[in-house]
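Take a look at the structure below.
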Amino acid sequence: MKYLSVFTAFITTTLFQYAGIRPVNGASVNTGQLLDAQSSTTTGSADVMDASAYKDVQTSRGLNYHYYFSPPSDGKPFLVFLHGFPSTSYDWHKQVPYFQEKGYGLIVPDLLGYGGTAKPLDPAAYRYSLTSKDVIDILDAEEIETAVFIGHDWGALLTSRIVQYHPDRVIAFGVLAVGYQDSFADFNWEASNAQTKEAFGYELFGYWEFFSEDGADKLIEAKFDKFFNLGFPENAKEWITDFAPVGALKRYLTSRPTAPPPSWISKEERRIQTEVLLKGGFAAPLNYYKVMFFGIGPEDDKGLPRVATDKPAFFGAASEDYVARVETQVPTTQQLCSNLTLKEFQSNHWVQLYQADEVNRELGSWLESVF
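Those letters in the sequence shown? Residues -26 to -1, 1 to 345, per mature numbering (1 follows the signal peptide of the UniProt record, and there is no 0), in order.
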């Protein structure tokens, strides 16, 4: 049995049947508990993370990593939060105070290409065999033997690779929106788009082509407000028409009407995110797509075993994520994780922001069950 993944191209008819997917006219899957409380981030403070709590370390390959650090109390373990695209450690500003107050130690890095961390322009620097070791280097610098790793989006893939490359350092792990990921050695972008278009009526990964083009970073930066409104959507279904399909995102940025601003992100949160993302630019962050689109990541994965895990695992699926669709994420994660707690949130892709209170509560309950 090969496994279905949001990024994997080896999505076969057998897998669609296994996942309960029906072509175009609808898909049926309802696993886990649907958590449907209204968004908890419409109002409130921007929860700025204390700048004095940040530290820097040189990894074993000579790259600077900038990370938020808070020691544990009461014998609690460290939680390592790993963000995705386009993000920084600030993505976790709704989780940091919650888990800090509960006594957990926290390590929340700006991942490679973002914020105060190094920004190499060579896509090969973003191979997950390397970035997973970077995160372990942070733990080594802090003399931390083991931790709980929690990732969102590309941070979920990084979490998966840490589990696979460094299982002895992992107590437990959680992934949000994007499930636990197997090897991408079979990845083929064109095949993946053809298969997902047949299943859902649109390509899930069409936007990767634009993100891998020369000059994409400059267009995103020039049209950042427009990009932000779609990347953090008010209406999650706009991803079906204006984000995911081949050519749609570039067309949106250059000629389509601007999407409405997200009411679930405060003006102050938006200001902070805009400032930090534009300061760092998009040339480096887009390498997370280039490393896959140009086959560097799949080549890197050829030596990675297709391993299941019995580590305690949490998956927070997002029912209104129209790229990392639950129909593709849930079956794979269930198949590969034998000790899984699954929760489905009524949320767009940005589940830790859109449903912060629910995510914190469910993650907290899961952690209590583990420890």
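Here a beta-carbon is modelled for each residue, glycine too, at the ideal position from N, C-alpha and C.
Rounded C-alpha distance that separates residue i from residue j
| i | j | result |
| --- | --- | --- |
| residue 55 | residue 73 | 11 Å |
| residue 196 | residue 258 | 16 Å |
| residue 205 | residue 217 | 8 Å |
| residue 22 | residue 69 | 11 Å |
| residue 81 | residue 344 | 19 Å |
| residue 341 | residue 225 | 43 Å |
| residue 193 | residue 93 | 19 Å |
| residue 321 | residue 131 | 20 Å |
| residue 330 | residue 124 | 14 Å |
| residue 161 | residue 177 | 15 Å |
| residue 334 | residue 24 | 20 Å |
| residue 247 | residue 223 | 20 Å |
| residue 126 | residue 300 | 14 Å |
| residue 133 | residue 66 | 15 Å |
| residue 171 | residue 43 | 43 Å |
| residue 174 | residue 213 | 13 Å |
| residue 260 | residue 60 | 9 Å |
| residue 228 | residue 215 | 15 Å |
| residue 266 | residue 116 | 31 Å |
| residue 153 | residue 242 | 30 Å |
| residue 200 | residue 254 | 18 Å |
| residue 250 | residue 279 | 37 Å |
| residue 286 | residue 141 | 12 Å |
| residue 262 | residue 112 | 20 Å |
| residue 315 | residue 326 | 17 Å |
Residue i: first and last residue of the uninterrupted beta strand (DSSP E) it sits in
| i | result |
| --- | --- |
| residue 145 | 144 to 150 |
| residue 315 | 314 to 319 |
| residue 28 | 28 to 32 |
| residue 125 | 121 to 126 |
| residue 196 | Taken as a continuous stretch (DSSP letters only), residue 196 belongs to no beta strand (DSSP E), being part of the alpha helix (DSSP H) at 190 to 196. |
| residue 291 | 287 to 292 |
| residue 83 | 79 to 84 |
| residue 52 | 52 to 56 |
The alpha helix (DSSP H) enclosing residue i, as first and last residue numbers
| i | result |
| --- | --- |
| residue 43 | Not the alpha helix (DSSP H): residue 43 falls in the beta strand (DSSP E), residues 38 to 44. |
| residue 265 | 261 to 267 |
| residue 241 | 241 to 254 |
| residue 325 | 325 to 328 |
| residue 104 | 102 to 115 |
| residue 166 | 163 to 174 |
| residue 305 | 300 to 310 |
Status (buried if at least 16 other CB within 10 Å, exposed otherwise) for residue i
| i | result |
| --- | --- |
| residue -1 | Low confidence applies to residue -1: its pLDDT is 33, below 50, so where it sits in the model is not reliable enough to give any reading. |
| residue 336 | buried |
| residue 166 | buried |
| residue 339 | exposed |
| residue 164 | exposed |
| residue 157 | buried |
| residue 302 | buried |
| residue 188 | exposed |
| residue 252 | exposed |
| residue 332 | buried |
| residue 84 | buried |
| residue 264 | buried |
| residue 35 | exposed |
| residue 234 | exposed |
| residue 277 | exposed |
| residue 19 | Because the pLDDT at residue 19 is just 48, under 50, the model does not fix this residue reliably, and the value given afterwards should be weighed accordingly. Classification of residue 19: exposed, given that the 10 Å Cβ count is below 16. |
| residue 313 | exposed |
| residue 2 | Note that residue 2 scores 30 on pLDDT, short of 50, meaning its location in the model is unreliable and no value can be drawn from it. |
Selection from the options that minimises the alpha carbon distance to residue i
| i | options | result |
| --- | --- | --- |
| residue 57 | 30, 79, 161, 91 | 91 |
| residue 305 | 295, 289, 320 | 289 |
| residue 41 | 49, 108, 148 | 108 |
| residue 64 | 294, 77, 27 | 27 |
| residue 318 | 303, 312, 293 | 293 |
| residue 209 | 228, 87, 296 | 296 |
| residue 118 | 49, 86, 128 | 49 |
| residue 155 | 229, 212, 135 | 135 |
| residue 182 | 122, 268, 46 | 268 |
| residue 281 | 191, 250, 139 | 139 |
| residue 147 | 283, 323, 328, 324 | 283 |
| residue 180 | 220, 198, 202, 149 | 220 |
| residue 51 | 308, 311, 143, 129 | 143 |
| residue 202 | 29, 186, 256 | 256 |
| residue 310 | 151, 137, 185, 324 | 137 |
| residue 96 | 31, 328, 186, 145 | 186 |
| residue 308 | 324, 323, 291 | 291 |
| residue 31 | 75, 98, 190, 114 | 114 |
| residue 382 | 29, 120, 129 | Here the chain has residues from -26 to 345 only, and residue 382 is not among them. |
Nearest-angstrom beta carbon gap, residue j and residue i [assumed within contact, 8 Å]
| i | j | result |
| --- | --- | --- |
| residue 272 | residue 159 | 5 Å |
| residue 62 | residue 79 | Rounded, the Cβ-Cβ distance is 20 Å, inconsistent with contact. |
| residue 101 | residue 239 | Rounded, the Cβ-Cβ distance is 32 Å, inconsistent with contact. |
| residue 46 | residue 77 | 6 Å |
| residue 274 | residue 103 | 5 Å |
| residue 207 | residue 236 | 6 Å |
Residue i CB to nearest heavy atom of the ligand ATP below 7 Å
| i | result |
| --- | --- |
| residue 248 | For the ligand ATP, the structure offers nothing, since it holds no ligand at all. |
CB contact check: residue i to chain D, cutoff 8 Å
| i | result |
| --- | --- |
| residue 175 | Within the model displayed, chain D is absent; a lone protein chain is all it includes. |
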